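Position 12 of the sequence shown, counted from 1, bears residue number 12 in my numbering, the numbering being contiguous throughout.
Shown next, in structure tokens, is the structure this report addresses.
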Amino acid sequence: MAPQVAFIGLGGMGKGVAAKLAEWLGSGKAPGYSGPLVVYNRTTATAQGFAHETPGVTAVATVAEVVPAKIVFSLLANDAAADAVLGDYLSARAADGASHPAIYVNAATLLPATVKRQAAAAAKAGVEFVNMSVFGRPDAAATGSLVAVPAGPAAARQALAPLLPAFAGRGVWDLGEDPATSASFKLIGNFWISSQIEVAAECLALGAKNGIEDSAVLTMLETFLPSPIPIGYARRMGAGGYSTETGFAIDLGSKDLGHIRARAADSACPLPWADVAYIHLLQTKARHGGSLDWGAMFLAVRDNCGLPSNSKQE
Numbered sequence: 001m002a003p004q005v006a007f008i009g010l011g012g013m014g015k016g017v018a019a020k021l022a023e024w025l026g027s028g029k030a031p032g033y034s035g036p037l038v039v040y041n042r043t044t045a046t047a048q049g050f051a052h053e054t055p056g057v058t059a060v061a062t063v064a065e066v067v068p069a070k071i072v073f074s075l076l077a078n079d080a081a082a083d084a085v086l087g088d089y090l091s092a093r094a095a096d097g098a099s100h101p102a103i104y105v106n107a108a109t110l111l112p113a114t115v116k117r118q119a120a121a122a123a124k125a126g127v128e129f130v131n132m133s134v135f136g137r138p139d140a141a142a143t144g145s146l147v148a149v150p151a152g153p154a155a156a157r158q159a160l161a162p163l164l165p166a167f168a169g170r171g172v173w174d175l176g177e178d179p180a181t182s183a184s185f186k187l188i189g190n191f192w193i194s195s196q197i198e199v200a201a202e203c204l205a206l207g208a209k210n211g212i213e214d215s216a217v218l219t220m221l222e223t224f225l226p227s228p229i230p231i232g233y234a235r236r237m238g239a240g241g242y243s244t245e246t247g248f249a250i251d252l253g254s255k256d257l258g259h260i261r262a263r264a265a266d267s268a269c270p271l272p273w274a275d276v277a278y279i280h281l282l283q284t285k286a287r288h289g290g291s292l293d294w295g296a297m298f299l300a301v302r303d304n305c306g307l308p309s310n311s312k313q314e
């Protein structure tokens, strides 16, 4: 029997989402779907290791082997990788002569222009394309606590609906027919998150320059800001914890902010905080490399203020 669901891309986010999908498929909670979940990663050993340690998962070595699946999820690091893998998938589908209905679901943070191009390429090949941006860190993915924001053809979104509770425990926000809407929405959300990190970093730095303990500033932030996202980053920044084990790397944050700034330029919409946050990420990368969590932009703020690094990762 042909696999029903496949997943491409086993980075920090991808592993969490794929594991929850495999668990959901095996639970019988998705009417009309069953396992195993087929996984592909460009580093074959990663897929094999994931399959070995995750029940209900089968690893494959080529993109061509996911072609029989009815639904293919993709969660890759950047636009170039997403373009390349979709191209490989569509080429393999054509070479196989596959004509069965298929839905390709991008869950990565991509430029709206990239999503439009991918949706057009998929449609030309007879594949329905849904952009399903997700909000949350890798630790939220691992517990099925993401927010998913799908956009694409109505029938495709309806077909996906039984699968989304596997990993989108915090909610599913349907954004309609245009896949690029989901991509734009994700950039707006990430701009908000990055701006909150930036403001929290500046609050902590100003407190430090004025002899105020981080704990006092954190108490103020926790009182004024009920959202757990900036508070979580503020806590990690105050503690000097910038590990990407459950975080979001500077290189990926820089990519997202680059997308945000590009979208702002295309929209003639100045976003000063996005510019500031982007500069601080680049400053942090120049001094500390691109592998720390993007909350490490606080290191650039501290450096600009003449404060020493508080990183526990050095």
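Positions of the beta carbon are idealized from the N, C-alpha and C atoms, including for glycine.
Since the model is a prediction, treat every value here as computed from it, not as a measurement.
In this model, Ala239 and Ser133 are separated by some 30 Å (Cα to Cα). In the DSSP assignment, Ile71 falls within the unbroken beta strand (DSSP E) covering Ile71 to Ser74.
Scanning its chain for C-beta atoms nearer than 7 Å, with the 5 sequence neighbours on each side dropped, one finds around Val301 the residues Ala201, Glu202, Ala205 and His280, in chain order. No Cβ-Cβ contact shorter than 9 Å links Gly144 with Ala119. If the five residues before and after Ala92 are omitted, its C-beta is found closer than 6 Å to the C-beta atoms of Val63, Ala64 and Val67, all from its own chain and listed in chain order. By the neighbour-count definition (other C-beta atoms within 10 Å, threshold 16), Thr109 is a buried residue. CA-to-CA, the gap between Leu111 and Gly253 works out to about 14 Å. Here Ile188 carries a helix assignment [DSSP, helix/strand/coil]. Rounded to whole angstroms, the gap between the alpha carbons of Pro150 and Pro308 is 43 Å.
DSSP, read as helix, strand or coil, puts Ile212 in coil. One alpha carbon belongs to Lys20, the other to Ile212, and they sit about 43 Å apart. Segment contact: the segment 15-29 against the segment 156-168, three or more CB-CB distances shorter than 8 Å; contact assigned. In chain order, Pro179 and Ala180 place their CB closer than 8 Å to the CB of Lys116, counting only its own chain and leaving out the 5 sequence neighbours on each side.
Distance from the CA of Trp173 to the CA of Asn210, rounded to the nearest whole angstrom, comes to 43 Å. Between the segment 240-252 and the segment 282-292 there are three or more C-beta pairs closer than 8 Å, enough to call the two in contact. Inter-segment contact for the segment 255-264 and the segment 216-228 is absent: fewer than three beta-carbon pairs are separated by less than 8 Å. The Cβ atoms of Gln48 and Leu25 do not sit closer than 9 Å to each other. Assigned with DSSP and collapsed to three states, Asp178 falls in coil, not helix or strand. For Leu37, the pairing in a beta bridge is given by DSSP as Val57. The beta carbon of Pro138 sits closer than 6 Å to the beta carbons of Gly12, Met13, Gly16 and Thr246 from its chain, once the five residues preceding and following it are set aside; these are given in chain order. Secondary structure note for Ala92: its alpha helix (DSSP H) is the uninterrupted segment Asp79 to Asp96.
Between the alpha carbons of Ala59 and Ala168 lies a gap of roughly 23 Å. Secondary structure note for Ala268: it is in no beta strand (DSSP E), with a DSSP letter that is neither H nor E. Membership of Asn310 in any beta strand (DSSP E) is not indicated, and neither H nor E is assigned to it by DSSP. Measuring C-alpha to C-alpha distances from Ala82 to each of Ala69, Phe129 and Phe135 identifies Phe129 as the nearest.
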